[in-house]
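Going by full-length UniProt numbering, the sequence shown opens with residue 1, and the numbers climb by one from there. Beta carbons: idealized from backbone N, C-alpha and C, even for Gly. Quick caveat, the model's predicted, so the values are computed rather than measured. Data block below; observations after.
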Amino acid sequence: MAYVRDNKENMINHLQNIIPSGIHHKIEDWYSTYLSDRSIFMEDRSQYLAEVEELVEAMEEFKQDDNKLYLANRISFSLRKIREKNILNYLSARNILPKYGFPIDSVELITDPSSVETTFGQGELRLQRDLMQAISEYAPGSQVIADGKLYTSQYIKRPPQKVKEWDEWDFVQCENPECGHLNLHRHYPGAPTMDKCGICQHALSQQKVKTMIKPEYGFIISPEVKKAGSKKPIRTHRGDIYYIGEQKELLDERSLSIGLDLKSMSNDELAVVNNSQFMVCSSCGFSEVSSDFSKQKIKIHNAPNGRKCPNETFTRKSIGHTFKTDVTTLSVNDYLSWEQAYSILYAMLEGLSKAFLIERNDVDGTIDYIYSRSGNSSTRFILFDTVPGGAGHVRRLGKATEEEILDVFKVSYDLVKNCHCDENTACYSCLQNYRNQVMHDSLERRFAVDFFDRVFYDYEKFQINGVK
Ligand SMILES: [Zn+2]
Ligand SMILES: [Zn+2]
Ligand SMILES: [Zn+2]
1 MAYVRDNKEN MINHLQNIIP SGIHHKIEDW YSTYLSDRSI FMEDRSQYLA EVEELVEAME
61 EFKQDDNKLY LANRISFSLR KIREKNILNY LSARNILPKY GFPIDSVELI TDPSSVETTF
121 GQGELRLQRD LMQAISEYAP GSQVIADGKL YTSQYIKRPP QKVKEWDEWD FVQCENPECG
181 HLNLHRHYPG APTMDKCGIC QHALSQQKVK TMIKPEYGFI ISPEVKKAGS KKPIRTHRGD
241 IYYIGEQKEL LDERSLSIGL DLKSMSNDEL AVVNNSQFMV CSSCGFSEVS SDFSKQKIKI
301 HNAPNGRKCP NETFTRKSIG HTFKTDVTTL SVNDYLSWEQ AYSILYAMLE GLSKAFLIER
361 NDVDGTIDYI YSRSGNSSTR FILFDTVPGG AGHVRRLGKA TEEEILDVFK VSYDLVKNCH
421 CDENTACYSC LQNYRNQVMH DSLERRFAVD FFDRVFYDYE KFQINGVK
């Protein structure tokens with residue numbers, strides 16, 4: 001930090017050498033913004049320092065008590081992990097460096113448990129997914145068919161020896177219907193309780209606080225590999241996408257005449273959390289979908305290496321992770337059912353991808369509801385770039401004129417209006433795709449047809465009368 005501050009001239013010279021001369025005049029401004037207290041860089045830096053300080057304090061406190069030395073020890077491993085993070089990975093995860101082209105969020109379902117402790121052999125079957133998909137597809141209990149075999153995921157892979165601790169987060173959704181913010185805090189022994197919502201200060205229910213493991217080291221299969229039959233593999237779990245949305249970097253905010261409110265943000269935050277809960281052995285990572293509400297359970301089991309695991313106590317955990325990306329939201333002042341909203345959302349995403357020539361998998365979305373004090377509720381479509389850090393796709397929609405947005409909607413409309421499937425369903429030619437499989441039964445293309453019909457009608461009316 002001091003280096004960046006003290007070597008301003010030097011740094012600017014370097015930057016001039018690598019940046020096109022047409023924007024040289026902007027460097028100085030950018031430099032001071034970067035170092036100002038409110039820049040993302042400085043904010044992340046103070047967040048990082050605060051987190052380290054908090055952990056150090058908790059560790060020092062546990063050190064005073066001989067019976068709690070083991071807790072101090074656990075925190076020291078978390079601290080080491082945070083302190084020794086690769087700076088490039090850290091900066092790109094925080095969206096300070098572009099992440100495009102660095103698939104660092106990709107994880108593996110390891111199909112050869114014997115290879116876990118050695119390096120992975122060349123030419124072996126490798127099942128890989130980005131973390132967002134892996135959270136639903138590779139979670140313990142899920143099955144995957146590959147090479148004619150049926151694999152069942154069983155373990156959340158433990159961090160390597162020198163790291164020892166998973167990254168874990170306590171989380172709870174605010175119950176204030178006007179807010180619904182997902183509150184998160186790093187989980188460690190003695191972590192402070194989250195008693196108030198960070199956005200609206202509403203009291204948070206402690207019974208609802210859950211802890212999620214970020215499965216960044218991947219998953220390992222159960223040794224029982226079957227031959228793939230005609231049965232569909234089990235995929236019991238859905239990855240729920242939460243919009244954390246602190247909207248610190250608002251790029252645009254406006255009301256459209258077609259009855260939608262638009263907001264566009266860069267560097268906004270989302271969380272993907274598997275909607276099942278798991279009982280997890282913290283010693284070897286053995287995990288099972290939890291079928292009741294108990295906090296702990298006892299089970300004799302084997303570690304991935306096939307030997308009996310020394311630990312028999314399982315604790316309840318969720319699986320999830322958070323990421324930063326570009327987000328554009330469109331809210332409609334109306335309560336739409338879950339099925340309606342998702343049908344419309346996927347039509348919007350298809351339209352966006354076709355109209356702007358964006359790979360469909362590079363954008364995704366989720367929905368939520370906002371309730372106002374006056375009793376009104378609105379439905380919010382949250383569209384985001386799946387590339388962590390954002391690739392500028394939904395940002396284009398955020399910048400688009402009303403006519404351009406209508407053009408996108410016309411593409412969406414044509415797709416849902418002219419599809420040949422039953423209008424009370426959807427198919428792979430209209431709204432369905434591989435990634436939204438868990439939603440297939442809920443999608444009906446007529447919901448999207450009705451919605452866009454109304455949008456176009458409102459627009460015509462606005463053109464004629466000039467009123468909304
Ligand atoms: Zn709240
Ligand atoms: Zn175990
Ligand atoms: Zn269809």
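When distances are taken from the beta-carbon of Cys421 to the heavy atoms of ligand 1, even the shortest one reaches 8 angstroms or more. Considering only Ile135, Ser32 and Glu165, the residue with the shortest C-alpha distance to Ser153 is Ile135. For Gln296 against Phe314, the beta-carbon gap comes to about 6 angstroms, under 8 angstroms, which counts as contact. Of Asn176, Gly285, Leu250 and Phe356, the smallest CA-CA separation from Ile221 is found for Gly285.
For Glu168, the secondary structure class from DSSP, reduced to helix, strand or coil, is strand. At least one heavy atom of ligand 2 lies closer than 8 angstroms to the C-beta of Phe286. Within the model, the alpha-carbon separation for His181 versus Gln173 is close to 6 angstroms. Chain order is used for the residues whose beta-carbon lies nearer than 5 angstroms to a heavy atom of ligand 1, namely Cys174, Asn176, Cys179, His181, Cys197, Ile199, Cys200 and His202.
Membership of Asn17 in any beta strand (DSSP E) is not indicated; the residue belongs instead to the alpha helix (DSSP H) covering Lys8 to Ile18. Annotation: the continuous alpha helix (DSSP H) that includes Ala72 extends over Leu69 to Arg83.
Residue environment analysis places Asp422 among the exposed positions, since fewer than 16 neighbouring C-beta atoms fall within 10 angstroms of its C-beta. Note: Gly365 is bridge-paired with Leu383 in the DSSP secondary-structure output. Around the CB of Val394, 16 or more other CB atoms lie within 10 Å, so the residue is classed as buried. According to the DSSP assignment, Arg454 belongs to the alpha helix (DSSP H) that extends over Arg445 to Asn465. Using a Cβ-Cβ distance cut-off of 8 angstroms, the segment 379-399 and the segment 322-329 are in contact, since at least three pairs of beta carbons, one from each stretch, lie closer than that value. Cα atoms of Ile405 and Asp105: separation of roughly 31 angstroms, rounded to the nearest angstrom. Membership of Val289 in the beta strand (DSSP E) is indicated by the continuous run Ser287 to Val289. In the DSSP assignment, Asp130 falls within the beta strand (DSSP E) that extends over Leu127 to Asp130. The three-state secondary structure of Phe356, taken from DSSP, is coil.
In the three-state DSSP reduction, Arg254 falls in the strand class (E or B).
Non-local C-beta neighbours of Leu349 in its own chain, meaning closer than 6 angstroms and more than five positions away in sequence, comprise Val363 and Gly365, ordered along the chain. For Ala271, the enclosing beta strand (DSSP E) covers residues Leu260 to Asn274. In the DSSP annotation of this structure, Asn333 is not part of any alpha helix (DSSP H), being labelled neither H nor E.
Counting along the chain, the unbroken beta strand (DSSP E) around Lys149 starts and ends at Lys149 to Ile156.
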